[in-house]
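Residue numbers (my numbering): 17 to 171.
Here the structure comes first, spelled out in structure tokens, and everything after it is commentary.
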Amino acid sequence: MPRETGRKVIAQNKRAWHDYHIEDTYEAGLVLQGTEVKSLRLGRASLLDGYAVIKDGEAWLINVHIPEYTMGTWTNHAARRTRKLLLHRKEIEKLVSKTKEGGLTLVPLAIYFKDGRAKIEIGLAKGKKDWDKRQTLAENQAKREMARALRHRNR
17 MPRETGRKVI AQNKRAWHDY HIEDTYEAGL VLQGTEVKSL RLGRASLLDG
67 YAVIKDGEAW LINVHIPEYT MGTWTNHAAR RTRKLLLHRK EIEKLVSKTK
117 EGGLTLVPLA IYFKDGRAKI EIGLAKGKKD WDKRQTLAEN QAKREMARAL
167 RHRNR
């Protein structure tokens, strides 16, 4: 059987782009159990409540929901267990220094398969205030209206 190539997105956290200013993104590997990989291959995951922390020089993904594999038996995994992230030492040190500055957190942005391996994109994020969210919505709506006006004008 040929090896998978390319990028197959499983789940995206669009809410993170709405609630946070994403300053930087990192790609990390995931330490998963067999039934978790099978469940991800079925396209089932939720990143909404998830976040990442760094403890004792290791990165951990917390509260990401990967539902149990339906065909699994007693070997099935817990849906919201803590999972280890695979990052280079220098990346972890950089993330520790940035998150200690204050106001920054690590949020998962997407889970995907890249060349057959499960990866997660995490973002270094700063929380938006309510007025920031309203301003972003207004800007996006203005862009949509301009594009619509241009499209109708060209007809």
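Don't be surprised by glycine CBs; every beta carbon is placed ideally from N, CA and C.
DSSP places residue 43 inside the beta strand (DSSP E), whose first and last residues are 36-46. Given a length threshold of 4 residues, each whole run of the alpha helix (DSSP H) inside the segment 65-146 is given here in chain order: 105-116.
Residue pairing by DSSP puts residue 62 in a beta bridge opposite 81.
Apart from the 5 residues on each side of it in sequence, residue 137 sits with its Cβ closer than 6 Å to the Cβ of 41, 43, 125, 126 in its chain, given in chain order. Rounded to the nearest whole angstrom, the CA to CA distance from residue 22 to residue 30 is 22 Å. Beta bridge pairing from DSSP links residue 27 with 127.
For residue 167, the secondary structure class from DSSP, reduced to helix, strand or coil, is helix.
Residue range 50-57 is occupied by the alpha helix (DSSP H) that includes residue 51. Residue 168 counts as exposed, since fewer than 16 other C-beta atoms from the protein chains shown sit within 10 angstroms of its C-beta. With respect to the 8 Å criterion, residue 76 and residue 101 are classified as neighbours on the basis of their beta carbons. When C-alpha distances from residue 66 are compared across 157, 74, 82, the shortest belongs to 82. Look at residue 21 here: in three-state DSSP terms it is coil, with no helix or strand label. In this structure residue 26 is in contact with residue 61, their Cβ atoms being roughly 5 Å apart against a cut-off of 8 Å. If you ignore the 5 residues before and after residue 20, its C-beta comes within less than 7 Å of the C-beta of 129, 131, 132, all in its own chain and listed in chain order. A Cβ-Cβ separation of about 29 Å leaves residue 38 out of contact with residue 165 under the 8 Å criterion.
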